[in-house]
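Protein chains in written order, with full-length UniProt numbering: chain A, 1 to 285; chain B, 1 to 222.
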Amino acid sequence: ALPGRRRATCLATSGFPVRSLLSPRRTDTGCRRLLHPGLSHCCCRRRRVLRPPPRPTGEMLLRGLLGPGAAAWSAISGLRGLVLLLLCLGGAVRASEITFELPDNAKQCFYEEIAQGTKCTLEFQVITGGHYDVDCRLEDPDGLVLYKEMKKQYDSFTFTASRNGTYKFCFSNEFSTFTHKTVYFDFQVGEDPPLFPSENRVTALTQMESACVSIHEALKSVIDYQTHFRLREAQGRSRAEDLNTRVAYWSIGEAIILLVVSIGQVFLLKSFFSDKRTTTTRVGS
Amino acid sequence: MAARGGLLVLVLLLLVSAVSRSFGLYFHLGETERRCFIEEIPDETMVIGNYRTQLYDKQREDYMPATPGLGMFVEVKDPDDKLILSRQYGSEGRFTFTSHAPGEHQICLHSNSTKFSLFAGGMLRVHLDIQVGEHANDYAEIAAKDKLSELQLRVRQLIEQVEQIQKEQNYQRWREERFRQTSESTNQRVLWWSIVQTLILVSIGLWQMRHLKSFFEAKKLV
Numbered sequence: 001a002l003p004g005r006r007r008a009t010c011l012a013t014s015g016f017p018v019r020s021l022l023s024p025r026r027t028d029t030g031c032r033r034l035l036h037p038g039l040s041h042c043c044c045r046r047r048r049v050l051r052p053p054p055r056p057t058g059e060m061l062l063r064g065l066l067g068p069g070a071a072a073w074s075a076i077s078g079l080r081g082l083v084l085l086l087l088c089l090g091g092a093v094r095a096s097e098i099t100f101e102l103p104d105n106a107k108q109c110f111y112e113e114i115a116q117g118t119k120c121t122l123e124f125q126v127i128t129g130g131h132y133d134v135d136c137r138l139e140d141p142d143g144l145v146l147y148k149e150m151k152k153q154y155d156s157f158t159f160t161a162s163r164n165g166t167y168k169f170c171f172s173n174e175f176s177t178f179t180h181k182t183v184y185f186d187f188q189v190g191e192d193p194p195l196f197p198s199e200n201r202v203t204a205l206t207q208m209e210s211a212c213v214s215i216h217e218a219l220k221s222v223i224d225y226q227t228h229f230r231l232r233e234a235q236g237r238s239r240a241e242d243l244n245t246r247v248a249y250w251s252i253g254e255a256i257i258l259l260v261v262s263i264g265q266v267f268l269l270k271s272f273f274s275d276k277r278t279t280t281t282r283v284g285s
Numbered sequence: 001m002a003a004r005g006g007l008l009v010l011v012l013l014l015l016v017s018a019v020s021r022s023f024g025l026y027f028h029l030g031e032t033e034r035r036c037f038i039e040e041i042p043d044e045t046m047v048i049g050n051y052r053t054q055l056y057d058k059q060r061e062d063y064m065p066a067t068p069g070l071g072m073f074v075e076v077k078d079p080d081d082k083l084i085l086s087r088q089y090g091s092e093g094r095f096t097f098t099s100h101a102p103g104e105h106q107i108c109l110h111s112n113s114t115k116f117s118l119f120a121g122g123m124l125r126v127h128l129d130i131q132v133g134e135h136a137n138d139y140a141e142i143a144a145k146d147k148l149s150e151l152q153l154r155v156r157q158l159i160e161q162v163e164q165i166q167k168e169q170n171y172q173r174w175r176e177e178r179f180r181q182t183s184e185s186t187n188q189r190v191l192w193w194s195i196v197q198t199l200i201l202v203s204i205g206l207w208q209m210r211h212l213k214s215f216f217e218a219k220k221l222v
């Protein structure tokens with residue numbers, strides 16, 4: 001089973017992407033506190049922390065960024081400070097959040113070059129259009145399919161890049177004949193870069209600074225919640241507006257049909273009695 | 001040891017330069033194709049977009065930086081379909097705009113190539129990066145300009161984040177009002193339609209009976 005599978009079943013009952021519910025530092029109890037009573041407990045029980053908890057010290061921040069291998073290498077090389085500086089500056093870490101329109105019978109692909117060992121998350125949601133579903137497919141540089149789902153409304157998939165290269169993910173609306181869809185996706189590669197490269201970051205963060213870091217993480221999850229809420233609301237609003245126009249057209253159409261049919265009935269009935277003169281006289285006498 | 005250190009630095013520098021030159025996400029664009037992206041943002045929010053193009057070179061069978069003559073048209077429309085930015089940039093560009101109305105802004109890109117043979121059957125590879133609101137801030141620049149210490153910069157970042165959250169919540173209130181208006185309008189329409197339909201039915205029924213009665217009376221059937 002693909003690593004994202006468990007999360008996918010969790011989504012079905014909760015109706016809310018797991019990544020936004022589980023903030024990095026939350027434990028089980030914290031998650032339950034955050035959850036709205038209406039949302040399922042499923043996401044809490046199958047707790048999967050999607051991002052490693054942020055480490056307060058600068059050095060450990062670096063380790064989180066690079067992974068254990070590179071941290072060991074930096075220890076061996078003995079040029080810790082310089083390594084920190086350079087890799088903080090370079091770092092292939094980014095998040096792309098894009099909303100685009102997918103016409104009917106179309107397929108759109110996006111590519112990203114990812115280094116080996118980077119933890120990435122792809123999350124998508126259909127905002128408007130038809131049954132609000134889309135096909136999604138994620139392939140690694142060898143063409144191996146890492147994630148493939150048909151007609152999904154929203155999903156979140158985390159994977160660790162097994163090799164360097166260009167990863168490709170595609171959204172397809174080929175099953176739809178005339179509805180075009182608006183799709184939102186958020187592709188996060190690696191961790192977020194630190195605020196600024198700290199050349200002298202061999203000392204630990206002060207209490208104030210680590211408080212700032214934790215507030216920053218909490219605010220990031222608030223913004224994440226807000227984004228998902230906004231998307232849900234956009235979806236709901238799109239459905240409501242669809243319903244509104246449908247009701248308008250339907251009521252006008254049905255009124256016209258009623259009038260036409262009833263007047264037509266009368267004239268048709270009249271024509272039965274007008275044409276056959278023999279019937280009329282027979283009935284009359 | 002020093003030589004090893006020096007080599008390490010060189011390797012790291014190369015790695016860094018290679019990585020920092022790429023924007024990340026890219027997609028393929030046909031010659032006459034126009035790709036639009038939607039950003040739903042509150043008002044007074046800054047959006048910065050960076051893009052970089054590469055053209056497929058048949059001789060080298062790889063994507064190389066595009067010729068200087070090849071540019072991209074960038075058009076940005078606000079929620080009322082008014083054009084707020086329409087400019088042509090080179091093969092590598094950066095566009096910025098600030099929203100003055102909350103809602104869905106549309107950012108459209110298409111290439112300005114008029115010669116159909118320029119793409120030579122290949123596609124244009126466009127690297128795109130759009131940063132909205134707080135993410136658009138360059139903290140290194142802010143720190144240098146206002147001469148902020150590390151803690152002050154962190155607090156500034158938190159302030160910006162909270163402002164973004166506030167703006168989003170205001171926008172949310174506005175959107176919810178629209179949603180409520182739409183729902184109430186649907187409710188009204190359903191109500192009126194059912195009343196009108198009943199009236200039509202009853203009146204048509206009465207008219208039918210009256211008309212047919214007079215018709216049959218005329219035909220001396222009744």
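Even for Gly, the Cβ is constructed at its ideal location relative to N, Cα and C. Keep in mind the model is a prediction, meaning the values are calculated, not measured.
| query | result |
| --- | --- |
| Report yes or no: is there a C-beta of chain C within less than 8 Å of the C-beta of residue 163 (chain A)? | The structure shown contains no chain C; its protein chains are A and B. |
| Exposed or buried, what is residue 90 (chain B) when buried is set at 16 or more other beta-carbons lying within 10 Å of its beta-carbon? | exposed |
| Compile a chain-ordered list of the residues in the region 182-208 of chain B whose CB is closer than 9 Å to at least one CB of chain A. | 182, 183, 185, 186, 189, 190, 192, 193, 194, 196, 197, 200, 201, 204, 205, 207 and 208 |
| 8 Å is my cut-off, CB to CB: does residue 257 (chain A) come that close to chain B? | no |
| In whole angstroms, give me the CA-to-CA distance for residue 52 (chain B) and residue 78 (chain B). | 24 Å |
| Report all residues from its chain with a CB closer than 8 Å to the CB of residue 44 (chain B); omit the five preceding and five following residues, and keep chain order. | 98, 99, 100 and 167 |
| Between the region 157-164 of chain A and the region 100-112 of chain A, do at least 3 Cβ pairs fall closer than 8 Å? | no |
| Put residue 106 (chain A) into one of helix, strand or coil per three-state DSSP. | coil |
| If distances are taken between C-alpha atoms only, which option among A:154, A:254 and A:110 comes closest to residue 131 (chain A)? | A:154 |
| If we call anything under 8 Å between Cβ atoms a contact, is residue 129 (chain B) one with residue 71 (chain B)? | no |
| Taking 8 Å as the CB-CB cut-off, is residue 112 (chain A) touching chain B? | yes |
| To the nearest angstrom, how far is the alpha carbon of residue 226 (chain A) from that of residue 165 (chain B)? | 8 Å |
| Going straight from the alpha carbon of residue 141 (chain B) to that of residue 133 (chain A), what length do you get? | 42 Å |
| Are the C-beta of residue 47 (chain B) and some C-beta of chain A separated by less than 8 Å? | no |
| Jot down the residue ranges of each uninterrupted beta strand (DSSP E) in the UniProt domain "GOLD" (107-189) of chain A, minimum 3 residues, whole runs only, in chain order. | 107-114, 119-128, 134-139, 145-152, 154-160, 165-172 and 181-189 |
| Count the other CB atoms within 10 Å of the CB of residue 173 (chain B); is the residue buried (16 or more) or exposed (fewer)? | exposed |
| Any contact between the region 200-216 of chain B and the region 246-262 of chain A? By contact I mean 3 or more CB pairs, one from each, below 8 Å. | yes |
| Would you please verify whether the beta carbon of residue 159 (chain B) is less than 8 Å from any beta carbon of chain A? | no |
| Nearest to residue 40 (chain B) by alpha carbon, out of A:142, A:109 and A:230? | A:230 |
| Quick check: what's the CA-CA separation for residue 186 (chain B) versus residue 189 (chain A)? | 43 Å |
| Taking 8 Å as the CB-CB limit, is residue 240 (chain A) close to chain B? | yes |
| Which ranges does the alpha helix (DSSP H) cover as unbroken runs of at least 4 residues, wholly within the region 164-188 of chain B, from first to last along the chain? | none |
| Indicate whether the contact test is met: 3 or more Cβ pairs, each with one atom in the region 209-225 of chain A and one in the region 139-151 of chain A, closer than 8 Å. | no |
| Verify whether the separation of the beta carbon atoms of residue 144 (chain B) and residue 46 (chain B) is less than 8 Å. | no |
| Would you mind sorting residue 44 (chain A) into buried or exposed? The rule is 16 or more other CB atoms within 10 Å of its CB. | Bear in mind that the predicted position of residue 44 (chain A) carries a pLDDT of just 39, short of 50, making it too unreliable to give a figure here. |
| Could you say which of B:182, B:123, B:189 and B:85 lies nearest to residue 108 (chain B) if we only look at CA atoms? | B:85 |
| Under DSSP, the beta strand (DSSP E) around residue 77 (chain B) begins and ends at which residues? | 72-77 |
| For chain A, check one thing: does any of its Cβ atoms lie closer than 8 Å to the Cβ of residue 155 (chain B)? | yes |
| At a CB-CB cut-off below 7 Å, which residues of chain B make contact with residue 266 (chain A)? | 208, 211 and 212 |
| Residues of chain A with CB under 8 Å from residue 165 (chain B), in chain order? | 219, 222, 223 and 226 |
| Determine whether the beta carbon atoms of residue 151 (chain A) and residue 109 (chain A) lie at a separation below 8 Å. | no |
| Given residue 129 (chain A), which residues of its chain have a CB within under 7 Å of its CB, disregarding the five upstream and five downstream residues? | 179, 180, 181 and 182 |
| Classify residue 126 (chain A): buried if its beta carbon has 16 or more other beta carbons within 10 angstroms, exposed otherwise. | buried |
| Could you give the first and the last residue of the continuous alpha helix (DSSP H) run that contains residue 141 (chain B)? | 139-146 |
| Starting from residue 46 (chain B) and walking both ways along the beta strand (DSSP E), at which residues does that stretch end? | 46-57 |
| Leaving aside the five residues before and after residue 95 (chain A) along the sequence, list all residues of the same chain whose C-beta is less than 8 Å from its C-beta, in chain order. | 186, 187, 188, 189 and 192 |
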